[in-house]
Amino acid sequence: MQTDDDLSVIDSVDQFDDPLDRLEAVDVQVPSPDPEEMLPKLSDEDPSQRMLAARVFCELEDSRAIAPLVQLLDDICPLVRVSAAYALGRNTSPEAVSALIELLGRDWNGYVRKGIVWALGNGSDRSSIAPLIHALRTDISAVRLWAASSLAQIAKQEYEDAIAAMPPLIEGLRRDSVAAIRGNCAWAIGQLCRELPSNVVYATAIDALIEALVEDEDYSVKEDAKSALLRLGDTRGMQMIEDLELEGLI
Numbered sequence: 001m002q003t004d005d006d007l008s009v010i011d012s013v014d015q016f017d018d019p020l021d022r023l024e025a026v027d028v029q030v031p032s033p034d035p036e037e038m039l040p041k042l043s044d045e046d047p048s049q050r051m052l053a054a055r056v057f058c059e060l061e062d063s064r065a066i067a068p069l070v071q072l073l074d075d076i077c078p079l080v081r082v083s084a085a086y087a088l089g090r091n092t093s094p095e096a097v098s099a100l101i102e103l104l105g106r107d108w109n110g111y112v113r114k115g116i117v118w119a120l121g122n123g124s125d126r127s128s129i130a131p132l133i134h135a136l137r138t139d140i141s142a143v144r145l146w147a148a149s150s151l152a153q154i155a156k157q158e159y160e161d162a163i164a165a166m167p168p169l170i171e172g173l174r175r176d177s178v179a180a181i182r183g184n185c186a187w188a189i190g191q192l193c194r195e196l197p198s199n200v201v202y203a204t205a206i207d208a209l210i211e212a213l214v215e216d217e218d219y220s221v222k223e224d225a226k227s228a229l230l231r232l233g234d235t236r237g238m239q240m241i242e243d244l245e246l247e248g249l250i
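Below is the structure:
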């Protein structure tokens, strides 16, 4: 299991921020960067130029950038790797997803892995489900947070994936030590329940949301569970919310 020390590349970074929030902003004096100018910079000898070019493709979609961005996933500089991962979340392809999954399993830097799980969620490829579940269960807190969100993005598209993703999300809601992750799991469970029929998996998920609403010690987690139940409009959930409000407990 990794440790939170893996985020030490930028010590001041809030581990739950967007993976690129604290990097220097791309100079956007020019309204629209020219991809013809940026593409060669992806292989520049200067790592700052490689990072700059990768960040441009976080905003631009150009299929020609995919192959060089995939190559940058092996860059020696972690800031280049995370920029490339983020850019591949915008410029998606099966090749990119495969490379991101492979890197997720071996990159030592938590800052990079956090960017990868965001990119995998944005890529919406079903092959990402298993590695995201593994990340949710075993990785550092920042990565677990993003893995929950990414699972919801992908798993809601297919019934089988929703069924596979629900147990680790319920586990995260019930057991994760970080309140923000428990809250994100509540949100993700709510998203998946919207795509499920009223079956045993759905009922178990509702039970978990009600349990969090009643028993979680963190107010924000209670609110996330309440919001998920309200969006679903589930009868049991609505009744529990009404009862708790009458008792002044929420």
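Residue numbers (the UniProt record's numbering): 1 to 250. All C-beta atoms in this analysis are idealised placements derived from N, C-alpha and C, irrespective of residue type, glycine included.
Distance CB(residue i)-CB(residue j) smaller than 7 Å
{"i": "residue 51", "j": "residue 80", "result": "yes"}
{"i": "residue 145", "j": "residue 181", "result": "yes"}
{"i": "residue 179", "j": "residue 220", "result": "yes"}
{"i": "residue 213", "j": "residue 203", "result": "no"}
{"i": "residue 78", "j": "residue 112", "result": "yes"}
{"i": "residue 200", "j": "residue 163", "result": "no"}
{"i": "residue 72", "j": "residue 35", "result": "no"}
Own chain residues within Cβ distance below 7 Å of residue i, not counting five before or after
{"i": "residue 49", "result": "41"}
{"i": "residue 89", "result": "118, 119, 122, 123"}
{"i": "residue 126", "result": "154, 158, 161"}
{"i": "residue 148", "result": "136, 169, 172, 181, 184, 185, 188"}
{"i": "residue 232", "result": "190, 193, 194"}
Close-in-space but distant-in-sequence residues of the same chain around residue i (CB under 8 Å, 5 per side omitted)
{"i": "residue 236", "result": "206, 210"}
Close-in-space but distant-in-sequence residues of the same chain around residue i (CB under 6 Å, 5 per side omitted)
{"i": "residue 65", "result": "57, 91"}
{"i": "residue 208", "result": "170, 173"}
{"i": "residue 107", "result": "113"}
Integer-rounded CB distance, given that residue j should sit under 8 Å from residue i
{"i": "residue 75", "j": "residue 84", "result": "7 Å"}
{"i": "residue 110", "j": "residue 82", "result": "The pair is not a contact, with the Cβ atoms about 10 Å apart (cut-off 8 Å)."}
{"i": "residue 165", "j": "residue 133", "result": "7 Å"}
Worksheet item: Any chance the segment 133–151 sits against the segment 92–102, with 3 or more Cβ pairs inside 8 Å?
Response: no
Item to complete: Jot down the residue ranges of each uninterrupted alpha helix (DSSP H) in the segment 55–105, minimum 4 residues, whole runs only, in chain order.
Response: 66–72, 78–90, 94–104
Worksheet item: What are the start and end residues of each continuous alpha helix (DSSP H) run of 4 or more residues lying completely inside the segment 176–215, in chain order?
Response: 179–193, 200–215
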